[in-house]
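In this note's numbering, the protein residues as written are 12 to 178.
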């Protein structure tokens, strides 16, 4: 079981790198095509960060992620500006975005693991506890384990969505 989880985690890291690379390349080339330069100024970088967070909020499951303040972006830009020209080239921009979005992807991944792995396990462990409940216990016991686990997982996902909507 541990080997399966490690393989999943390794593929998840590779998937994350590919997704970040797709997003950063698309946004970087958007600015490059507009300005004709192969670097991003601070103003362009800030707009790029807003676009990336907008994409992540639309496409990734989980809570809404607010972009960092301008001061943090400026500090990170100075840390990633290797050639000290005051602008970020494509590779500097990719590394900047990887650092900026690392926590976001960790939060999303943890939420998915809890929802998709822990919830079915808990459902199967609690199935036996429903035996003593009148009317409900008989119905639950007749359901196949896979159907019951799917229903409980769906209920947890809907519950989490409703909590996110309230916040």
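We treat Cβ as the ideally placed atom computed from N, Cα and C, and that holds for glycine.
Check: Roughly how far, in whole angstroms, is the beta-carbon of residue 34 from the beta-carbon of residue 60, given that I think they are within contact range, below 8 angstroms?
Finding: No, residue 34 and residue 60 are not in contact; Cβ-Cβ is about 11 angstroms, not under 8 angstroms.
Notebook entry, point to check: Taking the DSSP output, what are the residues bridged to residue 100?
Noted result: Bridge partners of residue 100: 50.
Margin query: Let's test the definition: count the other Cβ atoms within 10 Å of the Cβ of residue 8 and tell me whether it reaches 16, buried, or not, exposed.
Written below: Here the chain covers residues 12 to 178 and nothing more, so residue 8 does not appear.
Notebook entry, point to check: Got a sec? Which residues, its chain only, sit under 8 angstroms from residue 147 by beta carbon, not counting five neighbours each side?
Noted result: 141
Item checked: Helix, strand or coil at residue 144 according to DSSP, with G and I counted as helix -> coil
Note to self: Taking 8 angstroms as the cut-off, is the beta-carbon of residue 161 closer than that to any non-hydrogen atom of the ligand MG?
What the structure shows: The ligand MG is absent from the structure shown, which contains no ligands of any kind.
Item checked: Segment limits, alpha helix (DSSP H) that includes residue 131 -> It spans 130-138 - the alpha helix (DSSP H) in which residue 131 sits, taken as one unbroken run.
Item checked: Beta-carbon proximity list for residue 91, same chain, < 7 angstroms, skipping 5 on both sides -> Once the five neighbours on either side are set aside, the close Cβ partners of residue 91 are 99, 103, 106, 107.
Next item on the list: May I have the straight-line CA-CA distance separating residue 145 from residue 136, to the nearest angstrom?
Entry: 19 angstroms
Next item on the list: Report yes if the CB atom of residue 42 is closer than 9 angstroms to the CB atom of residue 58, and no otherwise.
Entry: yes
Next item on the list: Evaluate residue 169 with the Cβ neighbour count: other Cβ atoms within 10 Å of its Cβ, from every protein chain shown; 16 or more gives buried, anything less gives exposed.
Entry: Result: exposed.
Check: Would residue 109 pass as a contact of residue 28 if the rule is Cβ separation under 9 angstroms?
Finding: yes
Margin query: Between which residues of its own chain and residue 25 is the CB-CB distance below 6 angstroms, once the five residues before and five after are set aside?
Written below: Its chain contains no residue whose beta carbon lies nearer than 6 angstroms to that of residue 25 once the 5 sequence neighbours on both sides are disregarded.
Next item on the list: May I ask you to report which of helix, strand or coil DSSP gives residue 114?
Entry: helix
Next item on the list: Could you check if residue 163 is buried or exposed, using at least 16 other CB atoms within 10 Å of its CB as the buried criterion?
Entry: buried
Item checked: Proximal residues to residue 78 (C-beta, below 6 angstroms), its chain only, five neighbours per side dropped -> 60, 61, 64
Note to self: Looking at residue 131: is its Cβ nearer than 9 angstroms to the Cβ of residue 160?
What the structure shows: yes
Note to self: Helix, strand or coil for residue 39? Go by DSSP, reduced to three states.
What the structure shows: Residue 39 falls in the helix class under three-state DSSP.
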